[in-house]
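What follows is one structure encoded as structure tokens, with my remarks underneath.
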Amino acid sequence: MRGAGLIAAGMLALAPAASAQQADLRIAETLTLDAREIGYSLDLGLSAVTPTRIGVAATLDLTDLQRQLPELLAGLTLVDTCGSRVALQRVEAEARDAMVIATARLDVASYACERTGPTAWERGALRSENEVEVRADLSAELQGPCVVFRLYDVAQSTPGALPEVDAGNGRRQAVRGLLIEAVGLLLEDSPICPEMPPELAMLDPVYDSGVPTEIGAGGLGIALSGSIDVSTGTILAVLRLLQSRGVLPPEP
Numbered sequence: 058m059r060g061a062g063l064i065a066a067g068m069l070a071l072a073p074a075a076s077a078q079q080a081d082l083r084i085a086e087t088l089t090l091d092a093r094e095i096g097y098s099l100d101l102g103l104s105a106v107t108p109t110r111i112g113v114a115a116t117l118d119l120t121d122l123q124r125q126l127p128e129l130l131a132g133l134t135l136v137d138t139c140g141s142r143v144a145l146q147r148v149e150a151e152a153r154d155a156m157v158i159a160t161a162r163l164d165v166a167s168y169a170c171e172r173t174g175p176t177a178w179e180r181g182a183l184r185s186e187n188e189v190e191v192r193a194d195l196s197a198e199l200q201g202p203c204v205v206f207r208l209y210d211v212a213q214s215t216p217g218a219l220p221e222v223d224a225g226n227g228r229r230q231a232v233r234g235l236l237i238e239a240v241g242l243l244l245e246d247s248p249i250c251p252e253m254p255p256e257l258a259m260l261d262p263v264y265d266s267g268v269p270t271e272i273g274a275g276g277l278g279i280a281l282s283g284s285i286d287v288s289t290g291t292i293l294a295v296l297r298l299l300q301s302r303g304v305l306p307p308e309p
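Residues 58 to 309 (my numbering) make up the sequence shown, in order.
This is the structure in structure tokens:
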């Protein structure tokens, strides 16, 4: 979701600190995706680690994205080959501990695929069309400052294997393999990149781990941990910010 139209609807809140060695921040932002506004928040817990480094423990709240996911992805075509078409009818996701479980209903259509040349194939008549309920297991990992979801496995919700379709080269291929490849590419192209508001951009936290976490009952979140290197330039920038907010006296 990088570059997905992050708009200037940010809000920064300070929470009471547990001690002089800790500070808590909440950052609320809105991004636009497919002309739809989606809110997210980033709760940051900052703590002193060394004289020049601040530890960061953060939770990225994606429950609004989770809520809007069914409408965002309804009708999305995942696979479209000579011999097959697989489209999403419905999808829902929930967090369970450090995993994300997605359930979906797929429309799976199989077509005759006829050779029209030495290396050319053409879609023919519809052979079959079925609705299939599937479950997918996902996790997440960091790529630089962004979180990318990863698909571990997908299987039919009811007993039995997913159907096979014509792969377009005269061979049969399992829908499962096609789904793993297609969803993997979709997730790869949809990173989530939380950003600090402009007035706190000087902090520039560097995250070294990010895993799914459950917010409330099944709510989707990402637990992030990392650090902020504190230089003299960063300290001066924070002091100027405090002056501009009236927390410190203005310059003489």
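A virtual CB, placed ideally from N, CA and C, is assigned to each residue, including glycine. It should be emphasised that the depicted structure is a prediction, and the values quoted were computed from it without experimental measurement.
(1) Flag this pair as yes or no: are the beta carbons of Thr87 and Leu277 separated by less than 8 Å?
(2) Let me make sure I understand the geometry here. Which of Leu293, Pro251, Ser196 and Gly140 has the alpha-carbon closest to that of Glu186?
(3) Would you call the segment 128–147 and the segment 201–209 in contact, with 3 or more CB pairs under 8 Å?
(4) With DSSP collapsed to three states, give me the class of Val240.
(5) In the DSSP assignment, find the beta strand (DSSP E) that holds Gln200 and state where it starts and stops.
(6) Taking the alpha carbon of Ala152 as the reference point, which residue from Val191, Leu101, Val136 and Ala280 has its own alpha carbon closest?
(7) At the level of alpha carbons, what is the spacing between Leu103 and Glu256?
(8) Excluding the five sequence neighbours on either side, which residues of its own chain have a C-beta within less than 8 Å of the C-beta of Ile95, listed in chain order?
(9) For the alpha helix (DSSP H) holding Thr173, just list the boundary residues, first then last.
(10) Taking all protein chains shown into account, decide if Ala66 is buried (16 or more other Cβ within 10 angstroms of its Cβ) or exposed.
(11) Does DSSP classify Val287 as helix, strand or coil?
(12) Could you check whether the segment 99–116 touches the segment 261–277, counting it as contact only if at least three pairs of C-beta atoms, one from each stretch, sit closer than 8 Å?
(13) Consult DSSP for Ala61 and reduce its assignment to one of helix, strand or coil.
(14) Comparing alpha-carbon positions, which option in Glu179, Leu244, Ala161 and Gly241 lies nearest Gln327?
(15) Let me know if Ile272 comes out buried or exposed under the rule of 16 or more other beta-carbons within 10 Å of its beta-carbon.
(16) Mind checking Ile44: buried by the 16 CB within 10 Å criterion, or exposed?
(17) Hey, how far is the Cα of Asp154 from the Cα of Gly275?
(18) Please state whether DSSP places Pro255 in a helix, a strand or coil.
(19) Tell whether a beta-carbon distance below 8 Å holds between Val211 and Val222.
(20) Within the same chain, show all residues whose beta-carbon is closer than 7 Å to that of Ala294, passing over the 5 residues directly before and after it, in chain order.
(21) Below 8 Å between beta carbons: does that hold for Leu197 and Val268?
(22) I need the DSSP call for Pro262, collapsed to helix, strand or coil.
(23) Under the rule that 16 or more other beta-carbon atoms within 10 Å means buried, what is Leu129, buried or exposed?
(24) For Ala159, which of Tyr209, Tyr168 and Gly174 has the nearest alpha-carbon?
Answer, in terms of the structure:
(1) no
(2) Comparing Cα-Cα distances from Glu186 to each of Leu293, Pro251, Ser196 and Gly140, the minimum goes to Gly140.
(3) Taking a contact to require three or more Cβ pairs closer than 8 Å, the segment 128–147 and the segment 201–209 do not qualify as touching.
(4) helix
(5) Trp178 to Gln200
(6) Ala280
(7) The alpha-carbon atoms of Leu103 and Glu256 are separated by roughly 17 Å.
(8) Thr87, Leu88, Thr89, Asp121, Leu122 and Gln125
(9) Taken as a continuous stretch (DSSP letters only), Thr173 belongs to no alpha helix (DSSP H), as it is neither H nor E.
(10) Reliability of the predicted coordinates at Ala66 is poor, the pLDDT of 36 falling under 50, and the value obtained from them is presented with this limitation in mind. Label assigned to Ala66: exposed.
(11) Here Val287 sits in coil by DSSP.
(12) yes
(13) Here Ala61 scores only 34 on pLDDT, less than 50, and its place in the model is too uncertain to base an answer on.
(14) Outside the shown range of the chain, which is 58 to 309, sits residue 327, and nothing can be said about it.
(15) Residue burial annotation: Ile272 is buried, with at least 16 other C-beta atoms found within 10 angstroms of its C-beta.
(16) The displayed coordinates of the chain run from 58 to 309. Any statement about residue 44 would go beyond what the structure contains.
(17) 8 Å
(18) helix
(19) no
(20) Met259
(21) According to the sequence shown, residue 197 is Ala rather than Leu. Result yes, Cβ atoms of Ala197 and Val268 sit closer than 8 Å.
(22) coil
(23) exposed
(24) Tyr209
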